[in-house]
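Let me begin by presenting the structure, written as structure tokens, before commenting on it.
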Amino acid sequence: MECRLPFSLVVFCLVILSSTVRSELVISSVEKFVDLHSHIVRVVSFLKVENQGPYDVSEFVLAFPDAQAKNLATMLVIYLEEGKIIYSEFPTSSTKPKSKQSNMTFYPVTLPKKLEKGKTAGLDVYVVLTNLLKPLPKEITQAESQLLVYTDNIYYTSPYHIRNQSIVFRLPGRIESYSEYSEMRLVESELRYGPFEEQPPFSYSPVVVHFENNNSFAVASNFVQEIEISHWGNVQVTEQYTIIHGGAHLKNGFSRIDYQANPSMSGASSFRTLVARLPPMSHSVYYRDEIGNISTSHLRGDSQGTQLEMELRFPMFGGWKISFSIGYSLPLHDFLFESDAGNNVLNITFGSSIEEIVVENQIVRVVLPQGSKDISVKSRFPTKKSQELKYSHLDIVGRPVVVLEKDNVVPEHKRYFQVYIYYKFNNIFLLGKAMMLILGIFLLFLMCILYMHADLALSKTSSWEEETEGRK
Amino acid sequence: MATSKVEGSSSLRHAFGGVLSVFILLLIGVVAFSIRLFSVIKYESVIHEFDPYFNYRVTQFLSKNGIYDFWNWFDDRTWYPLGRVIGGTVYPGLTLTAGTMWKLANSLNIPLSVETVCVFTAPIFSAFAAWATYLLTKEVKGTGAGITAAAILAMVPSYISRSVAGSYDNEAVAIFALIFTFYLYIKTLNTGSLFYATLNSLAYFYMVCSWGGYTFIINLIPMHVLLCIVTGRYSSRLYIAYAPLVVLGTLLAALVPVVGFNAVMTSEHFGSFLVFIIIHVVALVYYIKGILTPRLFKVATTLVLTVGIAVCAVVVAILVALVASSPTKGWSGRSLSLLDPTYASKYIPIIASVSEHQPPTWPSYFMDINVLAFLVPAGIVACFLPLSDASSFAVLYLVTSVYFSGVMVRLMLVLAPAACIMSGIALSEAFGVLTRSMKFHITKYFECSHTEAPAKLGESTSTESSAPLENMTKSDTTEKPEVARKEKVARRKQKKEKELTENAHVKPVSAKKEKRPLVLPLEASIVSVFLLIVLGGLYVLHCVWAAAEAYSAPSIVLTSHSHDGLHVFDDFREAYAWLRHNTEVDDKVASWWDYGYQTTAMANRTVIVDNNTWNNTHIATVGTAMSSPEKAAWEIFNSLDVKYVLVVFGGLVGYPSDDINKFLWMVRIGGGVFPHIKEADYLKDGQYRVDAQATHTMLNCLMYKLSYYRFVETDGKGFDRVRRYEIGKKHFKLTHFEEVFTTHHWMVRIYKLKPQKNRIRGKSRKSKLGSKSTSSKSGGMTHKNPWN
């Protein structure tokens, strides 16, 4: 049933789309590279688009099957004209095609300038997908390697006619099995299908690759980052992770002797360390969990950045979970800038500092100093935003907290995305707490003085004293 | 004119001395706090050992759920399936203290975690204890002795061992409460003020909340009262100091759920009631003596004595009968082992199995109180010159605590404050005598060389030199009236005494010649002072060393220094973290009771037994399972819903306090309840051995198997680095358990109970598999065991 659906759909879409303006575009060639080295699937497609219609076209539509669109973490489209990059965009708004049966999601891309008729332009589409690699078998023993299955469409999914296309899978190692097609070639760890010529829009033919992948399957099911700004010159960052090994589950328990005696053979799919790249000038780094410090870590710093190599409490096998938190301090002047009109601009890089990790749910809490006003957030991608108050360090009115929440965050977010937070802050508030402390201690002393001088006794103490003295 | 000047300068000196002593006390507090931070600096800010984890967990619960839920807390994560009523079985003082501190900090928006507060509770209260010691010793022997005693207590190793940062245990606050209660008692005794008597009851209440050691107070104070009465020192002050304490204190103590009616029903408290009766009788006698003539009084005495003795005999007989009717004779096991040191090891293996309940050895005295052991006798002598109510109390406190410390290592902690007070008194008195004679010689020297110097000079030097003495020897009445003393006495009626003082000033040489015999030679006193300072220096060095090296290890993280640097063994937390994250929330974990508190606190999993050893049978069940063969153990554990079994194994890295070394207690406690476990089956030549000479039972019990499963594969020989020999049975398979996790250094091994097998095989095969695990091991292996 499911197999048949795409075909009927293709026909259906064809009918609908043939009447639209889109059909005037033709993809003259597509080369699609699917990188399966880690648990994050990165797909790069190099498209050549030709306008065969009578009009100039200003919009290009990218199509993804829903299964991919659901797990699409981020996408970058680069528009090339005569080999030069003239524009790049992160498409975020998606539309569903009008047809109700469609299991496609469309991402319209507005071209920077209209593609004139008869002209050709290049489009590079970079897509990052998560959760698409499924372990098969689902449970492995410690001695076995992890095998994954990746399923895709052998043809480039597009609402346009494609003249010439090919698809390449880049694999980390041994291939267990793969779909057989007549036009295919396996060179070392590269599996190439194609070229296929003259395919109608939404052509579909499944391709399945079953391969070995022992790279660390670190998935952060929960990641909370708290960034606390102090106008005394410090930014304190705390990151809390709950990490799961998202690969094939471990079966039959963990044997330390096998793991220690033969590290290369045993526990190939497990990982013991995670590497976090902290911003340059990070200091006061800590790494701990709810039961204390985790003493096995290494910190290397240079001008490019600080690298924190964290050894986890135990080696992570499939299905195992662990949680920990790291924290570090940064100099404020690297992140805070003054814009016009007395606004402070805080420049935050979004995403986890741990390399090659998928974050299922990320919450960033930016704690601004007490007394900040007129807060606004600018980000290049949609996030759930909210504001709350936090009380710490002798606060009275509380610090405004900007909360940003996003699902499915990948390392690419760290590379390309920034968040800007604008707010107003009067530096006179810095003195507030010092004054408060001074006043408090002054009052304490004052009360001491008053107590020492006041006679709180009900009876005349002095007379009683004299009386007793006299008795002596 | 001259006198007003003298008075002005002396009051200034007093003010200066006051500020100085406040400043010194502040510094003592800082020292007491900071000397305990070695554990945080060398290791980390973490809760230590076993019991503190439970206290930490209770504090977490308290801070999360509030005080009312705390009182009603039924903990279902421990003693499965019995559970434990935490609110009614825990001394709440420590938890409430830390919870209050945390709440206070949080209400001021100071972001401290519960853990941080718990870690630093003990050092903070050590500073308080030092100040309380100052107050107590000041009441006994004056400010100088007080400050010295406070300084000594601030760094006494015995106390440090229980109160380093992270050692979040009852003793941390209890020692402060103990000293403070004693201070208030002495203060009441010295002043006769009902205000202090009330405060004393409250302090006693705090002590009852904090520690089971409160029985020490409620027995020591009556002893002292009795001593005072017997030695004819009864006074109304004594009555005020004692009677309100017993009435209010007992009422308040009964409010603490864990004590409850024990405050009136157990033998530990009977002494106080008896003395309470006696003091009333004595008070009555004194009253009657006051209103009767001596002759009438004599008649009354004989009459009352004859009747009284008869009544007393009856009452005592009833009491004895009542007490004797209860099985432990009304005394709890721990208290009984105090009176009879051999009691515990004879009857209660569970008490004897705790290392801190063993009697201490002589080196541990030297380690824990160091030079104080030599200063204490001098302090006792000083207390007898003169003997006051307060100093007799100090002596009594010392003597009783020396006895108790000889019974149990743990009670060394009670001895430490007493030793500090005595040493403080001794040092202060010695310094007083020595500096006084030095001053005397120096002034004499001055006067000899400046014979023509005007009288004024002599006056100023003598007043100056005697002023500090005034502080030190305030309560010392044996001293002959000195210049300064006269000045002090005469301060109110200065004008009248003017001539007298001036007389004394004019001819100080003659005045001092009179008391020459009390003065030591200059050289001797200089050398003695020097030696005392060296002694103090040695003490400080020892304390710092003890704090830094001996007592700061948190025991959940171990370190070792090898040729390639520091090596950290963090296996316990590795295992607990694994349990916490990779088992189901409601899974039950069985281990020996030592690890119960840590498992519930760090791994958040339900345990069968824990360090609160309230149910001997339950512990014996686990002990029996550990000492049974695999199948029997599996059945026991399965009946308790256990899913994981945790054992601690030190054989790979040489960690001595592992489960094999504790195994003897598992057998003994298990065998005490379940007679089929016989200790003799595990012994070879009277020893627990796991090498080739070990018994068959030993090599087939669960503990052996879980500890050494696949151990031989590490080095090929199975060499145990704790026991220092090769293990007896090297190759075997587990039939009813499977290994699920072993930590990096093999210190903690976790096994899972295999699910029950389907009934497929024949009955004979199955029974063979279960009961004779030796014969069912892998066929290829060679049998090396001698009994095969």
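Chains as they are written, first to last, in UniProt numbering: chain H, 1 to 472; chain U, 1 to 788. The C-beta atom is built at its ideal place from N, Cα and C for all residues, glycine as well. Just so you know, these numbers come straight off a predicted model, no measurement behind them.
Can you tell me which of the options puts its alpha carbon nearest to the alpha carbon of residue i?
| i | options | result |
| --- | --- | --- |
| V275/H | T349/H, Q240/H, E356/H and R163/H | E356/H |
| T383/H | T105/H, H37/H, A73/H and S45/H | A73/H |
| F425/H | S339/H, P411/H and F445/H | S339/H |
| V46/U | P92/U, T116/U and M412/U | T116/U |
| V216/H | P331/H, Q146/H and I229/H | Note on residue identity: the sequence assigns Ser, not Val, to residue 216/H. Closest option to S216/H, Cα to Cα, is Q146/H. |
| S639/U | Y80/U, S9/U, G271/U and H48/U | Y80/U |
| G318/H | E139/H, S295/H and Y286/H | E139/H |
| L646/U | Y595/U, I217/U and I152/U | Y595/U |
| L25/U | Y704/U, T400/U, V371/U and L135/U | L135/U |
| I669/U | I619/U, H696/U and I608/U | I619/U |
| Y150/H | V57/H, S94/H, L36/H and N222/H | L36/H |
| N71/H | C448/H, V410/H, I326/H and L430/H | V410/H |
| G305/H | M281/H, N252/H and S205/H | M281/H |
| P323/H | I421/H, R288/H and S353/H | The residue you asked about is not Pro; residue 323/H is Ser in the sequence shown. When each option's Cα is compared against that of S323/H, the closest is R288/H. |
In chain order, what residues of the same chain lie with their CB nearer than 8 Å to the CB of residue i, ignoring the 5 residues before and after it?
| i | result |
| --- | --- |
| G173/H | S189, F211, E212, N213 and N214 |
| A317/U | none |
| L129/H | I40, V41, R42, V43, Q68, N71, L72 and A73 |
Does any residue of chain H bring its CB to less than 8 Å from the CB of residue i?
| i | result |
| --- | --- |
| M101/U | no |
| E429/U | no |
| L108/U | yes |
| P481/U | Confidence is the limiting factor: at P481/U the pLDDT is only 39, short of 50, which leaves the residue's position unreliable, though a coordinate-based value still follows. So no, P481/U is outside the interface. |
| residue 833/U | Residue 833/U lies beyond the residue range present for chain U, which begins at 1 and ends at 788; the question has no answer from this structure. |
| Y576/U | yes |
| S11/U | no |
| P755/U | no |
| M602/U | yes |
| R57/U | no |
| residue 791/U | What the structure shows of chain U is the stretch from 1 to 788, and residue 791/U is not part of that stretch, so it cannot be assessed. |
Identify, in the order they occur along the chain, each residue of the same chain with its Cβ nearer than 6 Å to the Cβ of residue i, setting aside the five sequence neighbours on each side.
| i | result |
| --- | --- |
| H453/H | none |
| K730/U | V712 and G718 |
| K588/U | Y80, T606, D641, V642 and K643 |
| P454/U | Confidence in P454/U is poor, its pLDDT being 46 and thus under 50, which makes the residue's placement unreliable; the coordinate value appears in the next sentence. So the list is empty, once near-sequence residues are dropped. |
| L47/H | I27, V30 and L123 |
| K32/H | S45, Y156 and I167 |
| A218/H | I243 and I357 |
Leaving out the 5 sequence neighbours to the left and right, which residues in its chain are closer than 7 Å to residue i when beta-carbon positions are compared?
| i | result |
| --- | --- |
| F70/U | F61, L62 and G87 |
| E44/U | none |
| A132/U | F176, I179, F180 and Y183 |
| A130/U | I28, G29, A32, A150, L153 and A154 |
Does any heavy atom of the ligand ATP sit closer than 7 Å to the C-beta of residue i?
| i | result |
| --- | --- |
| Q693/U | As for the ligand ATP, it is missing from this structure, which has no ligand bound. |
Can a CB atom of chain U be found closer than 8 Å to the CB of residue i?
| i | result |
| --- | --- |
| Y241/H | no |
| residue 487/H | Residue 487/H is absent from the model: chain H starts at 1 and stops at 472. |
| F254/H | yes |
| Y287/H | no |
| S282/H | no |
| Y391/H | yes |
| N213/H | no |
| G247/H | no |
| K138/H | no |
| S323/H | yes |
Could you round the C-beta distance between residue i and residue j to whole angstroms and report it? I think they count as a contact, below 8 Å.
| i | j | result |
| --- | --- | --- |
| V34/H | I167/H | 7 Å |
DSSP beta-bridge partners for residue i?
| i | result |
| --- | --- |
| D289/H | G292/H |
| H210/H | V149/H and S177/H |
| C701/U | P629/U |
For chain B, is any of its Cβ atoms less than 8 Å away from the one on residue i?
| i | result |
| --- | --- |
| N293/H | Of the protein chains in the structure, H and U, none is chain B. |
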